[in-house]
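The opening position of the sequence shown corresponds to residue 1 in UniProt numbering, with each subsequent residue numbered one higher.
Idealized CB from N, CA, C, for every residue including glycine.
All figures in this text were calculated on a predicted structure; none of them were measured in a lab.
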Amino acid sequence: MSNRAPLPPEIARRRTFAIISHPDAGKTTLTEKFLLFGGAIQMAGQVRAKGDARRTRSDFMKLEQERGISVSASAMSFDFRQYRFNLVDTPGHSDFSEDTYRTLTAVDAAIMVIDGAKGVESQTRKLFEVCRLRDLPILTFCNKMDRESRDVFEIIDEIQENLAIDVTPASWPIGVGREFVGAYDLLHDRLEIMDRADRNKVAESIKISGVDDPKLAEHIPANLLQKFHDELEMARELLPAFDRAAFLNGSMTPIWFGSAINSFGVKELMDGIGEYGPEPQPQTAAERQIDASETPVTGFVFKVQANMDPKHRDRVAFVRLASGHFERGMKLHHVRTKKPMTVASPVLFLAADRELAEEAWAGDIIGIPNHGQLRIGDALTEGENLRFTGIPSFAPELLQTVRAMDPMKAKHLEKALTQFAEEGAAKVFKPMIGSGYIVGVVGALQFDVLASRIEQEYSLPVRFEGSNFTSARWISGDKAEVEKLVNVNKGHIAHDSDGDLVFLTRLQWDIDRVVRDYPGVKLTATKEMM
Ligand code: G4P
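As structure tokens, then:
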């Protein structure tokens with residue numbers, strides 16, 4: 001975010017971001033309105049879904065199913081004014097998962113949606129912490145202002161205190177609940193009036209010469225106007241003014257007040273993303289930083305989604321382009337296998353449908369259909385051996401044994417598990433002793449999701465059972481000592497899906513013992529995926 005050379009205009013106009021929120025705050029509704037204003041759909045809820053076979057796996061799919069919008073992807077692109085927005089979906093279920101973390105490695109900014117009546121909720125806080133690890137710029141949208149909500153200062157205070165970030169109002173609401181008339185856009189001196197009659201209509205926008213403009217009185221009832229003036233005066237005293245540098249380094253968040261369902265405040269938020277950015281940011285590899293302006297194409301896989309269409313065993317690797325101008329048919333270097341890879345049918349997820357991507361630029365997300373060659377963390381370049389960093393694999397916090405109900409189907413189970421491991425949906429460990437597999441996840445809900453996916457996608461009913469172990473640690477270090485550790489503790493050793501050694505245990509004491517007895521061995525709770 002420092003003094004970089006200006007980016008080529010095609011790259012500079014790109015905005016790649018995710019929405020973080022607690023379930024029910026309004027992420028789906030907001031996404032729908034983004035698409036509406038991005039011209040990707042004509043009228044919320046009018047575009048028909050293509051095929052009802054898909055199941056809810058992401059919020060975009062939820063959109064597709066419940067509201068009949070055809071999206072079917074984890075990333076969507078659309079244009080708004082002169083900008084190209086790439087909106088990346090974060091998984092919607094309330095269990096925090098690695099998937100979410102990885103998604104956030106592919107974006108340059110995040111929109112935090114909070115419910116005006118509820119404030120900062122648990123899932124928002126967790127996701128916010130992940131954004132903070134990367135100093136992502138955050139724009140805040142306080143939703144549902146058409147309903148009784150908390151006092152504005154209280155909401156802002158809660159964000160500041162709970163998340164330790166400065167909050168600056170980008171707009172100020174006028175009235176709340178039934179009395180809510182709209183908001184004053186503090187960054188552009190505009191009065192936005194909400195239309196309750198037509199939910200898809202954009203608010204009437206009235207240019208105002210400043211908060212003292214007598215024109216305000218023509219649109220706002222006297223009692224609300226007085227309150228608005230009082231509050232604003234207080235806000236000016238108590239809250240910091242917008243500071244773009246502080247926003248870009250993640251220490252300040254501008255907040256907009258709106259109502260997604262009434263299409264209110266959404267355009268202003270989109271204007272905010274467009275105007276304040278950020279542009280595609282440099283990405284970090286072990287070797288060096290890759291700037292979006294560099295000519296050679298580079299990118300990394302942050303997500304693999306298998307069986308998007310259950311009828312075809314296709315899988316799509318989602319690649320965030322870190323630099324360059326990609327063109328369809330390009331031959332790229334697959335760094336992990338050192339093999340060339342011709343990207344013949346990349347897809348760009350234009351909101352209307354999956355479309356062949358003829359070209360893409362740094363900042364874009366493209367999907368590359370493949371048969372399993374591409375894994376999370378993989379780099380594609382025009383020849384340079386780069387390893388993008390910061391895409392970790394976390395030690396699972398819950399471990400269970402999985403068995404096929406039909407013992408004859410063990411091979412099928414292995415195949416399904418391998419696929420989920422590659423997709424990053426679970427950790428799969430093959431213990432050295434005994435048959436069967438141990439599956440590790442971060443949130444308990446993931447076991448249910450896995451069981452139902454294995455059953456649906458592989459017609460294979462399975463059972464998850466408690467395992468003897470509760471923790472997993474990756475083993476590295478001195479070769480001779482690792483070998484000794486493995487030989488002496490065979491009952492605790494397994495291989496993960498990459499063939500790497502893992503120490504399984506139920507006691508912290510065991511881990512401490514290994515650390516004490518094998519000083520040359522390292523046990524770690526994360527592993528970089530590359
Ligand atoms: P999520 O993806 O974050 O889980 O939230 P989603 O958009 O599905 O919204 C959750 C609920 O909040 C929905 O109601 C939605 O209509 C409502 N909602 C979203 N934005 C606003 C708003 O600005 N004002 C008000 N009053 N409500 C809003 P639901 O009853 O669960 O679903 P539905 O029957 O409306 O589809």
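- For LYS33, which residues from the same chain have a beta carbon less than 6 Å from its beta carbon, with the 5 sequence-adjacent residues on both sides left out? Excluding positions up to five away in sequence, the list reads ALA260, SER263 and VAL266.
- Which whole runs of the beta strand (DSSP E) in the stretch 372 to 444 are 3 residues long or more, in chain order? With a minimum length of 3 residues, the continuous beta strand (DSSP E) runs that stay inside the stretch 372 to 444 are 379 to 381, 392 to 394, 398 to 404, 427 to 431 and 437 to 441.
- Task: Measure the CB-CB distance between ALA379 and ALA285 and report whether it falls below 9 Å.
- Result: Cβ distance < 9 Å, so ALA379 and ALA285 count as in contact.
- Pairwise C-alpha distance: PHE141 and SER72: Model confidence at SER72 stands at a pLDDT of 41, short of 50, so the residue's coordinates are unreliable; what they give is reported in the following sentence. Rounded to whole angstroms, SER72 to PHE141 spans 25 Å at the Cα level.
- Message: By the three-class DSSP mapping on this structure, what secondary structure does MET330 have?
- Response: MET330 sits in coil when the DSSP states are folded into three classes, being neither helix nor strand.
- Message: I'd like to know whether the C-beta atoms of ARG102 and PHE302 end up nearer to each other than 9 Å.
- Response: Yes, they are a contact pair.
- Task: Measure the alpha-carbon distance for LYS479 versus VAL486 and round it to whole angstroms.
- Result: C-alpha separation (whole angstroms): 11 Å.
- Could you tell me if residue 589 is buried or exposed, where buried requires 16 or more neighbouring beta carbons within 10 angstroms of its beta carbon? Examination of residue 589 is not possible in this model, given that the chain is present from 1 through 530 alone.
- Task: Note down, one range per segment and in chain order, each beta strand (DSSP E) of at least 3 residues found wholly within the stretch 481 to 510.
- Result: Listed in chain order, the complete beta strand (DSSP E) runs (minimum 3 residues) inside the stretch 481 to 510 are 493 to 495 and 501 to 505.
- Leaving out the 5 sequence neighbours to the left and right, which residues in its chain are closer than 7 Å to GLY119 when beta-carbon positions are compared? Spatial neighbours of GLY119 in its own chain (CB-CB distance under 7 Å, excluding positions within 5 residues in sequence) are listed in chain order as ARG150, ILE155 and GLU158.
- Query: Roughly how many angstroms lie between the CA atoms of ARG13 and LEU30, to the nearest whole one?
  - Reply: Looking at the two C-alpha atoms, the distance is approximately 21 Å.
- Message: Check whether the stretch 330 to 342 and the stretch 404 to 422 touch, using three or more Cβ-Cβ pairs below 8 Å as the test.
- Response: No, the stretch 330 to 342 is not in contact with the stretch 404 to 422.
- Could you tell me whether any non-hydrogen atom of ligand 1 is closer than 8 Å to the CB of ALA18? Of the heavy atoms belonging to ligand 1, none sits nearer than 8 Å to the Cβ of ALA18.
- Task: Kindly examine ligand 1 and report whether one of its heavy atoms sits closer than 8 Å to the Cβ of GLY26.
- Result: Result yes, Cβ under 8 Å from ligand 1.
- Item | Assigned secondary structure, THR526 (DSSP; H/G/I helix, E/B strand, else coil) | It is a strand residue.
- Item | Alpha-carbon to alpha-carbon, LEU460 and SER467 | Looking at the two C-alpha atoms, the distance is approximately 21 Å.
- Message: So, for ARG328: in the same chain, excluding its five sequence neighbours on each side, which residues have a beta-carbon less than 8 Å away from its beta-carbon?
- Response: Excluding positions up to five away in sequence, the list reads VAL343, ALA344, SER345, PRO346, LEU356, ALA357, GLU358 and GLU359.
- Query: Are the stretch 122 to 137 and the stretch 246 to 257 in contact at 8 Å, needing three or more beta carbon pairs?
  - Reply: By the Cβ rule, the stretch 122 to 137 counts as touching the stretch 246 to 257, because three or more pairs are nearer than 8 Å.
- Minimum C-alpha distance to MET405 - residue among ILE376, ALA425 and TYR458: Minimum Cα-Cα distance from MET405 among the listed residues ILE376, ALA425 and TYR458 corresponds to TYR458.
- Task: Classify TYR276 as helix, strand or coil using the three-state DSSP reduction.
- Result: DSSP places TYR276 in helix when its eight states are reduced to three.
- Message: For a test of the three-state rule: what should DSSP assign to THR28, helix, strand or coil?
- Response: It is helical.
- Exposure label - GLU233; buried when at least 16 CB within 10 Å: Residue burial is scored here from C-beta neighbours: GLU233 has fewer than 16 other C-beta atoms within 10 angstroms and is therefore classed as exposed.
- Would you grab the beta carbon distance between GLY367 and PHE318 for me? Rounded to a whole angstrom, and I think it's under 8 Å. Sure, about 6 Å apart at Cβ, within 8 Å.
- Determine the extent of the beta strand (DSSP E) in which MET76 is found, giving its start and end residues. That run of the beta strand (DSSP E) goes 75 to 80.
- Round the Cβ separation of ALA117 and ARG147 to the nearest angstrom and send it over; I've been treating them as touching at under 8 Å. The pair is a contact, with the Cβ atoms about 6 Å apart (cut-off 8 Å).
- Express the C-alpha separation of ASN143 and MET76 in angstroms, rounding to a whole number. Their Cα atoms are separated by approximately 22 Å.
- Residue closest to LEU36, alpha-carbon to alpha-carbon, out of ASN200, GLU98 and GLU192: Out of ASN200, GLU98 and GLU192, ASN200 has the C-alpha closest to the C-alpha of LEU36.
- Query: So is ALA241 buried or exposed if we call it buried at 16+ other beta carbons inside 10 Å?
  - Reply: By the Cβ-count criterion, ALA241 is exposed, with fewer than 16 other Cβ atoms from all chains shown falling within 10 Å of its own Cβ.
- Query: So LEU133 is in the alpha helix (DSSP H); what residue range does that whole segment cover?
  - Reply: From DSSP, the alpha helix (DSSP H) with LEU133 extends over 122 to 133.
- Item | Which listed residue (ASP166, GLY274, ASP243 and ILE193) has its alpha carbon closest to that of ILE11 | For the residues ASP166, GLY274, ASP243 and ILE193, the minimum Cα distance to ILE11 belongs to GLY274.
- Close Cβ partners of MET1 (< 8 Å) along its chain, the five nearest in sequence each way excluded: Low local confidence applies: a pLDDT of 47 at MET1 is under 50, so the model's placement there is unreliable, and no value is given.
- Taking 8 Å as the cut-off, does the CB of MET408 come closer than this to any heavy atom belonging to ligand 2? The model on display carries ligand 1 but not ligand 2.
- Query: Looking at the unbroken beta strand (DSSP E) that takes in MET252, where does it start and where does it end?
  - Reply: Unbroken beta strand (DSSP E) run through MET252: 252 to 257.
- Item | DSSP three-state assignment for ILE165, whether helix, strand or coil | In the structure shown, ILE165 sits in coil (DSSP, three-state: anything other than H, G, I, E or B).
- Task: Could you spell out the range, first to last residue, of the beta strand (DSSP E) harbouring PRO369?
- Result: Note, PRO369: beta strand (DSSP E), 365 to 370.
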